[in-house]
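Reviewing the structure listed below.
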Amino acid sequence: GDSVTQTEGQVALSEEDFLTIHCNYSASGYPALFWYVQYPGEGPQFLFRASRDKEKGSSRGFEATYDKGTTSFHLRKASVQESDSAVYYCALGDQVTGNYKYVFGAGTRLKVIA
Amino acid sequence: GALVYQYPRRTICKSGTSMRMECQAVGFQATSVAWYRQSPQKTFELIALSTVNSAIKYEQNFTQEKFPISHPNLSFSSMTVLNAYLEDRGLYLCGARDEGQANSDYTFGSGTRLLVI
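Going down the list, the protein sequences come from chains A and B. Read left to right, the first sequence gives residues 1 to 114 (the numbering used here). Read left to right, the second sequence gives residues 1001 to 1117 (the numbering used here).
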């Protein structure tokens, strides 16, 4: 079945550091790809999406480019802030046996130290 | 805009009792509703997908007998956790979308956090 792999379980950075969180996917179809952010005690918030090869999604300084060749959708930010500390989830949306469903990665906990 | 409200936000139930949670879609037609569970320190697992006027499809490891779902109209869905035990604690997330809109995404609520004591 479809799956999403996030390589990093936890990332610790200092403010103004460059962020990369790796996301690779496996899907039977041509999925849409998403990034969500979750703060403590809350549900996941939509960051952005991309639905075709080479499309770039972005929001709040975060960005990721859909790469069908490497089946990746890595999250990047040029300069992180302490307020970016949260758990980040990569997800795909795919039609499976007639139903459109999301599959989430395991999540990456980002800790930014001031 | 499209919004999804879930209530209660947090709830505590005694082991062996049941808990019902609700999901309300505002600003769009929720033809399809997905219920997820996030156990502590884990990711979001799909419990079931519900489409109005169609059978509810449960994922492996989740059953209607344990997680009965109701989806009676285009704005509302509910799910009950029957005979809740410690392993059922976590954040229950409802996502809804309008299948009639091309390329529509799921809009998620903030979740219902279930604590079992």
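Where a beta carbon is used, it is the ideal one built from N, C-alpha and C, also for glycine. Owing to the predicted nature of the structure, the values given are computational and were not obtained by experimental measurement.
query	result
Checking contacts by CB at 8 Å: is residue 64 of chain A closer than that to chain B?	no
Name the DSSP beta bridge partners of residue 65 of chain A, please?	A:56
Which word fits residue 26 of chain A, buried or exposed, when buried means at least 16 other C-beta atoms lie within 10 angstroms of its C-beta?	exposed
Using only alpha-carbon positions, find the residue among B:1066, B:1096 and B:1069 that is nearest to residue 1026 of chain B.	B:1096
Looking at the structure shown, is residue 82 of chain A part of a helix, part of a strand, or coil, going by DSSP?	helix
Strictly under 8 Å for the Cβ-Cβ distance: is residue 1090 of chain B near chain A by that measure?	no
Is residue 1114 of chain B helix, strand or coil by DSSP?	strand
Determine which residues share a DSSP beta bridge with residue 87 of chain A and list them.	A:38 and A:109
Applying the criterion that 16 or more other CB atoms from any shown protein chain within 10 Å of the CB defines a buried residue, is residue 21 of chain A buried or exposed?	buried
Can you find a CB in chain A that lies within less than 8 Å of the CB of residue 1067 of chain B?	no
Taking a cut of 7 Å between CB atoms, which residues from the stretch 1049-1063 of chain B lie near chain A?	1049 and 1057
CB residue 941 of chain B to CB residue 1067 of chain B, shorter than 8 Å?	Because chain B is modelled from 1001 through 1117, residue 941 of chain B falls outside the range shown and cannot be assessed.
For chain A, find out if any of its Cβ atoms is closer than 8 Å to the Cβ of residue 1093 of chain B; answer yes or no.	yes
Is there a Cβ of chain A sitting closer than 8 Å to that of residue 1111 of chain B, yes or no?	yes
Can you confirm whether the stretch 1100-1111 of chain B touches the stretch 1023-1040 of chain B when touching is taken to mean that 3 or more C-beta pairs between the two stretches lie within less than 8 Å?	yes
Check residue 1087 of chain B in the structure and name its three-state DSSP category.	helix
Just to confirm my understanding: we take residue 105 of chain A, look at its own chain, exclude 5 residues before and 5 after, and list those with CB closer than 7 Å. What are they?	4, 5, 6, 23, 89, 90 and 91
I'd like to know if residue 1077 of chain B contacts chain A, where contact means its C-beta is closer than 8 Å to some C-beta of that chain.	no
So with Cβ pairs under 8 Å, would you call residue 106 of chain A a contact of chain B?	yes
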